[in-house]
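Reviewing the structure listed below.
Protein chains: 4
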Amino acid sequence: MLYFASDYQEGAHPAVLRALVETNLEHTAGYGEDPYCESAREKIRRACLCPEAAVYFLVGGTQTNATVIDALLRSYEGVVAAETGHIATHEAGAIEFGGHKVLTLPGRDGKLDPGDLRTYLEANRADGNRDHMVHPALVYLSQPTELGTLYSLAELTEIHTICRDFGLRLYVDGARLSYALASGENDVTLGDLCRLTDVFYIGGTKCGALLGEAVVARDPGVLDHFFPIIKQHGALLAKGRVLGVQFDALFTGGLYESIGRTAVAAADRIRAALRTAGIPQAFVCSTNQVFPLLEDARAEALQRQVAASFWEKPDPAHTILRLAASWATTEEEVAALERAIAELGVRSEELGVRS
Amino acid sequence: MLYFASDYQEGAHPAVLRALVETNLEHTAGYGEDPYCESAREKIRRACLCPEAAVYFLVGGTQTNATVIDALLRSYEGVVAAETGHIATHEAGAIEFGGHKVLTLPGRDGKLDPGDLRTYLEANRADGNRDHMVHPALVYLSQPTELGTLYSLAELTEIHTICRDFGLRLYVDGARLSYALASGENDVTLGDLCRLTDVFYIGGTKCGALLGEAVVARDPGVLDHFFPIIKQHGALLAKGRVLGVQFDALFTGGLYESIGRTAVAAADRIRAALRTAGIPQAFVCSTNQVFPLLEDARAEALQRQVAASFWEKPDPAHTILRLAASWATTEEEVAALERAIAELGVRSEELGVRS
Amino acid sequence: MLYFASDYQEGAHPAVLRALVETNLEHTAGYGEDPYCESAREKIRRACLCPEAAVYFLVGGTQTNATVIDALLRSYEGVVAAETGHIATHEAGAIEFGGHKVLTLPGRDGKLDPGDLRTYLEANRADGNRDHMVHPALVYLSQPTELGTLYSLAELTEIHTICRDFGLRLYVDGARLSYALASGENDVTLGDLCRLTDVFYIGGTKCGALLGEAVVARDPGVLDHFFPIIKQHGALLAKGRVLGVQFDALFTGGLYESIGRTAVAAADRIRAALRTAGIPQAFVCSTNQVFPLLEDARAEALQRQVAASFWEKPDPAHTILRLAASWATTEEEVAALERAIAELGVRSEELGVRS
Amino acid sequence: MLYFASDYQEGAHPAVLRALVETNLEHTAGYGEDPYCESAREKIRRACLCPEAAVYFLVGGTQTNATVIDALLRSYEGVVAAETGHIATHEAGAIEFGGHKVLTLPGRDGKLDPGDLRTYLEANRADGNRDHMVHPALVYLSQPTELGTLYSLAELTEIHTICRDFGLRLYVDGARLSYALASGENDVTLGDLCRLTDVFYIGGTKCGALLGEAVVARDPGVLDHFFPIIKQHGALLAKGRVLGVQFDALFTGGLYESIGRTAVAAADRIRAALRTAGIPQAFVCSTNQVFPLLEDARAEALQRQVAASFWEKPDPAHTILRLAASWATTEEEVAALERAIAELGVRSEELGVRS
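Here it is, written out as structure tokens:
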């Protein structure tokens with residue numbers, strides 16, 4: 436079996452694991468007040484070109500989104516997201532558990548459209564019933580999005596400007612950020628993210644760590660009293676250094692970026708193999724995820740050889756699968772997947788697929 | 436000025452107020468344990484043909500929705516509503532404050548479409564990520580809807596069946612229920628509502644009371660421990676008899692239905708006047724609300740004579756207004772509004788309105 | 436039967452009811468934007484000597500406490516109260532429902548002791564685990580307390596000073612405030628309350644209104660965006676003028692104070708009758724509540740004639756009852772109660788009560 | 436410096452870390468559906484003598500408490516704990532964030548007294564205002580307690596019986612459970628815990644894991660739908676096998692118990708050294724924590740050599756410190772600490788300590 440079902444199927448990148456092993460018996464303070472957390476914070480600040488930024492380490496993505504969003508909003512305020520945004524779909528109501536509405540806009544290729552956002556905020560501002568409605572106070576983006584697409588620097592800048600104009604804050608979920616940074620199409624750097632958002636997070640879990648996400652706020656005051664808020668959300672790790680050690684390793688020698696490059700190169704090869712085989716992709720993306728759109732028989736054939744994620748059925752006869760490459764994907768695995776895809780193209784007739 | 440801006444611009448129906456005055460100095464127990472609450476409960480049970488039903492009195496609509504929905508859901512469960520549903524738009528996030536997501540479907544004329552609901556629930560049941568998503572566990576309808584439209588008995592029965600098939604509960608918001616009951620097009624009785632829903636509420640605030648809503652549950656066990664839940668939501672009135680006395684009066688001598696008939700008759704005349712004047716209506720409805728769609732100049736002209744609610748601008752050149760009749764609307768007011776509408780029709784040319 | 440079980444057994448003071456009747460058919464805007472609410476706000480500002488104060492009308496006490504406290508606290512902050520405080524005991528967890536801990540101190544005669552408060556806050560400030568604990572950010576007092584006792588101006592000033600020193604806010608629950616203002620022992624005016632608190636509320640429900648509480652904030656900024664918060668808590672009354680009309684009447688011609696004086700005079704006579712009969716009182720108080728401490732047989736004998744509230748059993752042989760006078764208590768009722776108490780004193784032997 | 440400040444200062448026990456290293460590059464499903472989680476669940480069920488028990492893995496202690504308690508309670512219900520209980524003090528309001536009140540009883544040596552509990556529940560049952568109060572529905576214990584003390588089997592059985600009698604559930608926090616199991620005074624086994632509680636958790640973070648807690652419910656139905664609840668609380672680890680691998684190692688070859696024995700043996704030697712030196716202990720306990728009560732000068736002297744936790748100042752002249760041994764404590768460290776303590780005893784005079 437070839438494993439492309441997700442980017443969190445393995446443990447940690449070997450360099451990350453090595454750092455955990457090497458520091459294992461040292462005695463340190465708990466709750467993120469150890470030298471490894473401090474060193475990781477400093478390296479992240481440098482990578483973000485934000486020497487004053489606040490950096491906090493949390494455990495997982497849904498937890499990070501719920502904790503940050505709750506910290507940024509007052510009770511009657513809501514967060515604006517694309518309909519496909521992770522907080523709007525796959526967090527089991529974690530944002531609502533904190534008391535906040537996710538205000539959704541349709542989205543285009545998984546992205547919030549700046550024009551749609553401005554139109555929505557103008558209509559909201561003009562609405563005489565405004566005070567009977569949830570106040571939009573924060574914009575949530577994911578980079579890359581849940582569909583593997585990317586915001587360009589121009590788009591991010593425009594959304595930043597809209598947020599400033601309407602008095603909203605901007606938060607970016609970077610669960611798979613290493614794969615955005617490594618994409619050939621990407622023109623948004625860590626420095627841009629830090630400069631253009633109020634808060635964003637650098638994903639560890641899906642990008643080489645066992646677990647962990649690094650929250651970055653350009654202006655520390657925006658996350659005022661974040662420590663007790665983290666604790667109250669059950670998101671404070673007693674052995675905080677487990678997170679610090681890992682992020683310290685990820686931000687040593689450019690590992691975080693190189694992890695992404697391997698995966699994106701693999702995904703690029705998969706995308707090329709699909710094009711060669713005449714298999715369309717559901718979303719045009721350039722990061723570590725690939726979304727082949729297949730007749731059901733072909734989808735089944737592929738899944739006999741490859742562990743992939745079922746994404747959705749766009750119609751009764753077709754299936755969209757998700758193939759995810761990661762830092763752990765090997766040359767051999769990609770080559771085998773290329774062969775499997777090529778065969779799929781060839782065997783169309785046997786499978787009874789209409790061209 | 437003619438007052439048609441809303442159905443909560445006046446105090447209480449004279450018979451309701453009289454009951455408050457007559458009982459004012461009696462001594463009774465608090466918190467709804469007085470004889471007037473008991474009498475009102477009994478009359479409501481009879482009107483609903485549900486001798487075993489539980490009946491609770493709360494103060495206002497948003498409060499009732501938030502309290503009932505919170506009582507019916509576990510933390511990870513959500514409530515399905517039409518996009519135009521009051522809980523989805525105009526309750527300032529009260530449902531989310533209780534921790535629950537409002538799962539919206541597009542709706543048709545303000546109504547949840549049974550086919551759409553079934554499709555949504557089937558897709559949800561089949562979704563492999565189901566446990567990462569909010570569980571739909573309750574359906575919210577309003578009768579009449581926020582657009583003044585009505586569910587037919589056939590539609591309500593179909594939604595009831597879908598809820599049963601998928602293990603959801605059904606809750607109906609009857610903030611303006613007297614106006615549904617009085618509509619010529621209506622074929623859903625209080626008995627049907629009690630029989631086909633798990634919980635529904637009979638609106639008082641907009642239907643002749645100073646304030647107050649009566650929550651009805653066919654099976655009392657569905658609202659198990661509702662008393663402390665009401666208290667915890669700040670919805671328990673110390674002088675509960677203020678609610679009991681009013682509902683007792685509203686359910687004496689068929690007052691609740693007759694209140695609706697006056698208002699619907701007035702609205703029917705307003706609808707006829709609009710048709711005569713060639714003015715279209717944004718939503719086809721048969722209850723106490725009327726939604727003329729006017730060129731902006733005509734909308735302004737009408738608003739110089741009539742206090743109406745701005746509803747929305749469907750395009751830059753037009754405005755939808757809402758005219759609401761109530762139990763307090765007089766023959767003279769309707770006649771004057773008819774004249775104002777007739778004039779609007781005549782003066783189209785002056786107003787520069789294209790036909 | 437004589438009715439002394441509570442101060443919310445009747446409807447509204449006749450002058451308040453008359454105002455509701457006289458204004459009943461007027462058309463006004465909803466949600467507290469009517470002229471009666473505005474007039475009542477202005478009269479309350481004048482009575483509080485705070486021309487700039489924000490005034491909001493809510494429906495009930497628990498609702499008001501939950502809404503105000505939630506508005507004043509961030510998620511990780513808590514409110515300090517005496518163990519006997521209403522929010523700590525009899526609100527079914529309404530404060531916790533909003534996510535906040537009630538941090539209790541023992542209290543003396545139902546009052547938070549300034550010295551205890553300072554000691555607690557100093558210990559909290561020094562605690563190295565502070566950020567793992569709920570931050571005390573607000574102090575809750577009730578005036579009069581749940582035991583009918585009063586804070587003196589000196590005590591209130593000292594607590595105000597402590598709050599300022601430690602960066603906490605001060606909130607006073609005035610559910611029975613008219614009875615504090617009318618007490619012969621009271622030296623705290625409405626002006627003092629407005630000046631020394633951040634927010635307090637003037638109780639209507641127990642002081643002559645059908646329902647309603649008036650929230651006052653010296654600095655309107657302290658209750659920033661309170662309107663959507665009220666709505667979100669289900670505490671916004673559609674027919675807001677029902678509250679405005681009542682408070683307008685209560686603050687016309689000194690009615691709010693005179694309502695209290697009748698009740699306190701009645702309570703003073705009851706206290707005198709108890710002393711004459713040799714019956715001790717559980718709490719030394721000077722407002723409208725009286726707490727006789729009786730042998731069980733005597734308590735039962737009294738309750739055969741008088742509807743009183745069971746308060747608690749301090750030991751297996753004794754019972755504390757609560758007798759509450761109100762604006763509705765009549766001369767005849769007090770005289771009858773005096774006789775009943777006198778008889779109790781005389782009949783000790785028959786009842787088998789040991790002296 | 437000697438490190439006795441806490442039992443979470445190091446990484447993982449070498450055997451646990453080794454398991455993580457050995458499995459690192461395997462491909463497994465996420466969210467706890469991998470073979471390591473399944474194997475660990477099975478081993479835990481066996482160790483608990485509960486073949487039908489449900490076992491879930493969460494990340495940290497506060498998170499586990501908040502998620503389990505929220506799953507077990509309806510909104511108006513609260514959890515009863517000793518005043519020193521972790522949920523009552525050091526979780527930054529995580530339980531209240533979920534909407535629930537922690538109902539505290541004084542506690543004796545950090546333990547809830549069965550007699551006090553019964554008295555409290557009887558009084559609550561008899562209280563006429565019960566429905567205006569938070570309903571006690573769950574009892575929280577910690578084993579060992581925050582003060583290092585232990586419930587005996589007799590005590591646990593009695594509390595179990597009281598819970599059954601009054602319809603409450605019983606939950607035990609085992610953050611440091613390995614140290615209870617290893618104590619010479621302990622007579623409560625894993626099997627007893629599983630049999631006598633509704634839910635309990637086996638602590639990993641403080642007992643040899645990098646992070647992780649294992650929640651056990653004898654009757655899986657008690658934690659009905661716990662998966663989406665975990666997700667909604669941000670407590671679902673994407674790479675769930677990180678927890679499974681660790682607990683699998685901890686429950687292989689009796690590691691979990693042997694980890695505790697090393698630490699308790701060390702703590703016993705520290706306790707003996709204190710007794711020899713004439714230094715009293717604040718709490719009489721037999722697990723891995725030791726609480727010397729020292730004159731301030733001696734406390735400072737000890738802290739110059741030993742990293743200890745400040746616990747509290749029982750009076751202005753004395754300090755209670757906490758010394759915690761763990762699986763990582765070495766023979767050399769204990770011997771050095773014994774010497775440091777012995778010196779303290781000898782040098783009393785130099786330190787100006789009155790005998």
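Residue numbers (the numbering used here), protein chains in the order written: chain L, 436 to 790; chain U, 436 to 790; chain F, 436 to 790; chain Y, 436 to 790. Every residue gets a Cβ at the ideal spot worked out from N, C-alpha and C, and that includes glycine. The structure displayed is predicted, hence computed values, not measured ones.
{"Query": "With distances taken Cα to Cα, identify the nearest neighbour of Glu692/Y among Phe439/Y, Val680/Y and Thr722/Y.", "Result": "Thr722/Y"}
{"Query": "What's the C-alpha gap between Ser790/Y and Ala771/Y?", "Result": "Low per-residue confidence applies at Ser790/Y: pLDDT is 42, beneath 50, and the placement is therefore not dependable enough to give any value."}
{"Query": "Counting beta carbon pairs with one atom in the region 539-559 of chain L and one in the region 512-525 of chain L, are three or more of them shorter than 8 Å?", "Result": "yes"}
{"Query": "Going by C-alpha to C-alpha distance, which of Leu728/Y, Val769/Y, Trp762/Y and Arg739/Y sits closest to Pro751/Y?", "Result": "Leu728/Y"}
{"Query": "Is there a C-beta anywhere in chain F that falls below 7 Å from the one on Arg789/L?", "Result": "Only weak support is given to the placement of Arg789/L: the predicted model assigns it a pLDDT of 49, under 50, and the value that follows is read from those uncertain coordinates. No, Arg789/L does not count as interfacial toward chain F."}
{"Query": "Assuming Ala702/L contacts Gln724/L under a Cβ cut-off of 8 Å, what Cβ separation, rounded to an integer in Å, is found between them?", "Result": "7 Å"}
{"Query": "Please classify Ser790/U: does DSSP put it in a helix, a strand, or coil?", "Result": "Low confidence applies to Ser790/U: its pLDDT is 43, below 50, so where it sits in the model is not reliable enough to give any reading."}
{"Query": "Tell me where the beta strand (DSSP E) around Gly638/F begins and ends.", "Result": "Val634 to Gly638"}
{"Query": "Out of Cys720/Y, Asn564/Y, Asp633/Y and Gln498/Y, point me to the one whose CA is closest to Gln421/Y's CA.", "Result": "Chain Y is shown only over 436 to 790; residue 421/Y falls outside these bounds and no answer can be derived."}
{"Query": "Does Val677/Y come within less than 7 Å of chain L when only Cβ atoms are used?", "Result": "yes"}
{"Query": "List, from N- to C-terminal side, the alpha helix (DSSP H) runs of 4 residues or more that fit wholly inside the region 663-732 of chain Y.", "Result": "676-685 and 690-712"}
{"Query": "For His525/U, return the contacting residues in chain L, with the cut-off set at a CB-CB distance below 7 Å.", "Result": "Asn564, His567 and Met568"}
{"Query": "Give me, in chain order, the residues of the same chain whose beta-carbon lies closer than 6 Å to that of Leu507/F; leave out the 5 immediate sequence neighbours on both sides.", "Result": "Leu573 and Arg604"}
{"Query": "Terminal residues of the continuous alpha helix (DSSP H) containing Leu455/U?", "Result": "Pro449 to Thr458"}
{"Query": "Is the beta carbon of Arg676/Y sitting closer than 7 Å to the one on Thr502/Y?", "Result": "no"}
{"Query": "In its own chain, which residues sit with a C-beta less than 8 Å from the C-beta of Thr458/Y, not counting the 5 before and 5 after it?", "Result": "Tyr471, Arg676 and Val680"}
{"Query": "How would you list, in chain order, the residues of chain F whose beta-carbon sits under 9 Å from the beta-carbon of Gly495/Y?", "Result": "Chain F residues near Gly495/Y: none, gap ~12 Å exceeds 9 Å."}
{"Query": "Compare the Cα-Cα distances from Gly689/U to each of His660/U, Met568/U and Ala450/U and report the closest residue.", "Result": "Ala450/U"}
{"Query": "Give the interface partners of Phe745/L over in chain U, defined as CB-CB distance under 8 Å, in chain order.", "Result": "Gly563"}
{"Query": "For the region 479-493 of chain F against the region 480-496 of chain U, do three or more pairs of beta-carbon atoms, one drawn from each stretch, fall closer than 8 Å, so that the two count as touching?", "Result": "no"}
{"Query": "Out of curiosity, what's the CA-to-CA distance linking Ile665/F and Arg599/Y?", "Result": "41 Å"}
{"Query": "Would you mind stating whether Gly780/F and Gly695/F have Cβ atoms separated by less than 7 Å?", "Result": "no"}
{"Query": "What are the residues of the region 498-524 of chain Y that lie near chain U, defined by any Cβ-Cβ distance shorter than 9 Å?", "Result": "Asp505, Ala506, Arg509, Ser510, Tyr511 and Glu512"}
{"Query": "My guess is that Tyr575/L and Asp608/L are in contact by the Cβ rule of under 8 Å, so how many angstroms apart are they, rounded?", "Result": "7 Å"}
{"Query": "When Cβ atoms are compared, which residues of the region 652-671 of chain L fall closer than 9 Å to chain Y?", "Result": "Phe662, Pro663, Ile664, Ile665, Lys666, Gln667, His668, Gly669, Ala670 and Leu671"}
{"Query": "Taking all protein chains shown into account, decide if Met568/Y is buried (16 or more other Cβ within 10 angstroms of its Cβ) or exposed.", "Result": "buried"}
{"Query": "Answer yes or no: does any C-beta atom of chain L fall closer than 7 Å to that of Gly528/U?", "Result": "yes"}
{"Query": "Could you work out which residues of chain L lie near Glu387/U, taking near to mean beta carbons separated by less than 7 Å?", "Result": "This structure cannot settle anything about residue 387/U, because the visible part of chain U is limited to 436 through 790."}
{"Query": "Would you call Arg476/F buried or exposed, if buried means 16 or more other Cβ atoms sit within 10 Å of its Cβ?", "Result": "buried"}
{"Query": "Below 8 Å between beta carbons is the criterion; list the residues of the region 454-472 of chain Y that meet it against any residue of chain L, in chain order.", "Result": "Leu455, Val456, Thr458, Asn459, Leu460, Glu461, His462, Thr463, Ala464 and Gly465"}
{"Query": "Strictly under 7 Å for the Cβ-Cβ distance: is Glu445/F near chain C by that measure?", "Result": "The chain inventory of the structure shown lacks chain C, comprising the protein chains L, U, F and Y."}
{"Query": "Give the secondary structure of Gly656/U by DSSP, where H, G and I count as helix, E and B as strand, and everything else as coil.", "Result": "helix"}
{"Query": "Can you give me the Cβ contacts of Pro571/F inside the same chain, cut-off strictly under 7 Å, excluding the 5 residues immediately before and after it?", "Result": "Gly513, Val515, Leu538, Leu556, Asn559 and Leu603"}
{"Query": "Return the CA-CA distance between Gly446/F and Asp683/U, expressed in angstroms with no decimal places.", "Result": "16 Å"}
{"Query": "So which residues of chain Y does Thr640/L contact, with C-beta pairs closer than 7 Å?", "Result": "Ala673 and Lys674"}
{"Query": "For His595/Y and Leu552/Y, which I take to be in contact (beta-carbon distance under 8 Å), what is that distance rounded to the nearest angstrom?", "Result": "About 11 Å separates the two Cβ atoms, so there is no contact after all."}
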